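Residue numbering for the sequence shown follows the UniProt record's numbering, starting at 1 and increasing by one per position.
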Amino acid sequence: MTASTAPARGSGRAAKPDQVLTDAVEVALQGLDVVDPDHIGEHLGVVAEGERLVTHFFECGLPGYRGWRWAVTVTRIPRSKQVTICESTLLPGPDALRAPEWVPWQERLQPGDLGVGDLLPTPSDDPRLQPGYVQSDDPAVEEANFELGLGRTRVLSREGRLDAAQRWYDGDRGPNAPISVAAPSSARCGTCGFYLQLAGSMRQAFGVCGNEYAPDDAQVVSVDHGCGAHSEVLVEQVQPVDELPTVFDDSEVEAVSVSRASGSVDADEPAEPYGHG
């Protein structure tokens, strides 16, 4: 059995394990009377929680709780040797198998997680957004604002635009995408006839592909992205070769007499009828 000390609660001094409480292993085991004895292992030691306050640890044999420990805290009143059980619980040890630390859903969310019918509320203090305009209490002004494109309550902030631009540029439709690297150096989206520039500050670096035969059709691509469906990439035409007429040189032809096989009709005999009637 081992004993260790811990800082006394409410003070910076290390608490000295009470010897009476340290020796009360059997009493501590009574605090685990509701646990199946087969799931209680050997005594692992004690920890001094404070003055006349000690916690006993026992090995846990529950399936799936590798490295966990039964903990029973005991105490006694001054000048008394009667040990009292305070509480018992199951605690993870230093090498315990534990579930990953809980992470809020806002931080767990990944691109592509939003499905059909899902709703993703945006925080009111989202740093990616900023107010689109100052609202007016005049309905006529609000209607004019909407017609002018000022009908959105919030728009992308500078931080939001930079974050989106960096994400797009580093993604599969930026200059370093495999399809872009494999394309000819002259086949860049910025010089393609199918390239549709975005509006606002993003137009300097991004647009939308409008080529139905391109793999990035209807996707945002960077101006220096590229692919083999560029409007100005032309296949070199192969010139057709005219076939000359075949010419026979009679001077090189050698006459050869061919003998008839036995049973053939002699050349002097009349021709046999074909039977056409």
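The beta carbon of each residue, even a glycine, is placed where N, CA and C say it ideally should be.
Note that the coordinates shown come from a computational prediction; the quantities given were computed from them, not determined experimentally.
State the DSSP-derived secondary structure class of R108, mapped to helix, strand or coil.
-> helix
L41: first and last residue of the uninterrupted alpha helix (DSSP H) it sits in = A small fix is needed here, since residue 41 is Gly in this sequence, not Leu. Run containing G41: none in the alpha helix (DSSP H); it sits in the beta strand (DSSP E), I40 to G50.
Simplified DSSP state of T191, which is helix, strand or coil | helix
Residue range of the beta strand (DSSP E) that includes Q219 | Taken as a continuous stretch (DSSP letters only), Q219 belongs to no beta strand (DSSP E), as it is neither H nor E.
Can you tell me whether DSSP reads D75 as helix, strand or coil?
-> With the sequence shown as reference, residue 75 is identified as Thr, and Asp is not the correct amino acid for it. Three-state DSSP puts T75 in a strand.
What's the gap between the Cα of G10 and the Cα of D23?
-> Because the pLDDT of G10 is 47, which lies under 50, any placement of that residue in the model is unreliable, and the number read from its coordinates should be weighed accordingly. Rounded to the nearest angstrom, the two C-alpha atoms are 25 Å apart.
Is it right to say R188 is buried, meaning 16 or more other beta carbons lie within 10 angstroms of its own, or is it exposed?
-> buried
Buried/exposed call for C86, threshold 16 Cβ in 10 Å | exposed
Inter-residue spacing [alpha-carbon to alpha-carbon] between S88 and V34 | 10 Å
In whole angstroms, what is the alpha-carbon distance linking E232 and A183?
-> 12 Å
Alpha-carbon to alpha-carbon, L114 and Y195 = 29 Å
Closer than 7 Å: is that where the CB of E59 sits relative to any heavy atom of the ligand HEM?
-> By its list of ligands, the structure shown contains no ligand whatsoever, and the ligand HEM lies outside what it can speak to.
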